[in-house]
Each structure stands twice: as C-alpha cells, then as structure tokens.
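Using this note's numbering, read the sequence shown as starting at 2 and increasing by one per residue. Positions of the beta carbon are idealized from the N, C-alpha and C atoms, including for glycine.
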Amino acid sequence: MAQITEVFDITSLEKLIEGDRIIIKSKNNKLYHAYFKLVQGEMLMVTLWKEDSKKIDPPHAFQLPVSEIEHLKVIRVSAAATIPVVIISALGIFVVIVVIAWSTGGGFGW
C-alpha cells in the first residue's frame with residue numbers, strides 16, 4: 002500500500018451519510034471496510050464487512066476510536082451517475098419493444 006502522508010481531518014466525519022461505504026486505515030496499519038453508521042462521542046460506529054483481506058460474514062457492528070484513524074476513504078455513488086444508467090436502460094427497453102413489434106408484423110400500425 003502506498004504511503005499516506007496527509008493527516009486525518011476529523012471534521013470530515015461530519016460529511017458522512019449513514020450507509021456510506023468507507024475504508025479506514027488505522028494507526029496500527031489495519032484496513033477496515035465498512036458502512037458508516039454514526040459518530041458517537043469519540044467513537045466511530047460502523048457495520049464492518051471486511052478486515053484487512055478477511056471478509057466478515059455476516060457483517061457486524063464495530064466501534065473504532067476516532068483517535069485511531071490514520072486515513073478514511075469514502076466510496077459513494079453519486080445520484081447523478083445513475084441518470085445515464087436509467088436513460089440507457091430505458092432506450093434498451095424501447096429498442097427491444099420496437100424490434101419485437103416489427104418482427105411480429107406490425108403492432109404500432111407502421
């Protein structure tokens with residue numbers, strides 16, 4: 002893993018939304034993959050689903066002191082990113098309907 006030289010900014014926790022997928026690197030070099038729940042006092046509450054390279058099944062609640070966080074990465078899917086997916090899916094469905102209509106000998110009165 003590449004060296005991370007930046008200092009963790011605790012105020013960045015205020016921007017997290019419940020359910021955000023996060024990757025936490027702790028000061029003892031452990032990697033935690035989790036879903037954010039909340040910050041309560043000095044504790045970060047998450048649902049942990051992977052620790053280092055070991056998958057945890059089923060995911061479970063986990064607490065980590067904020068002071069132990071060296072780096073935190075947020076993986077959030079933007080709502081704007083879903084618009085092209087919806088448009089492409091709708092166009093695909095339309096094309097399928099048109100092809101079926103033409104192949105059955107009509108349908109739209111063309």
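| Check | Outcome |
| --- | --- |
| Output the boundary residues of the beta strand (DSSP E) element that contains SER68. | Segment: none, SER68 is in no beta strand (DSSP E) and carries neither H nor E. |
| For GLU52 versus LEU32, is the C-beta spacing smaller than 9 Å? | yes |
| So, with DSSP's three-state summary, where would you put SER27? | strand |
| Please return the same chain residues whose Cβ sits closer than 8 Å to the Cβ of LEU73, not counting the five positions on each side in sequence. | PHE9, SER13, LEU14, ILE23, ILE24, ILE25, LYS26 |
| Assign MET2 to one of two classes, buried (16 or more other C-beta atoms within 10 Å of its C-beta) or exposed (fewer than that). | Note on MET2: pLDDT 41, under 50, position unreliable in the model; no value is reported. |
| If I measure Cβ to Cβ from LEU49 and keep anything under 7 Å in the same chain, skipping five residues before and after, which residues do I get? | TYR33, ALA35, ILE57, PRO60, HIS61, PHE63 |
| From this set, VAL96, SER90, MET46, which residue's C-alpha is nearest ASP21's C-alpha? | MET46 |
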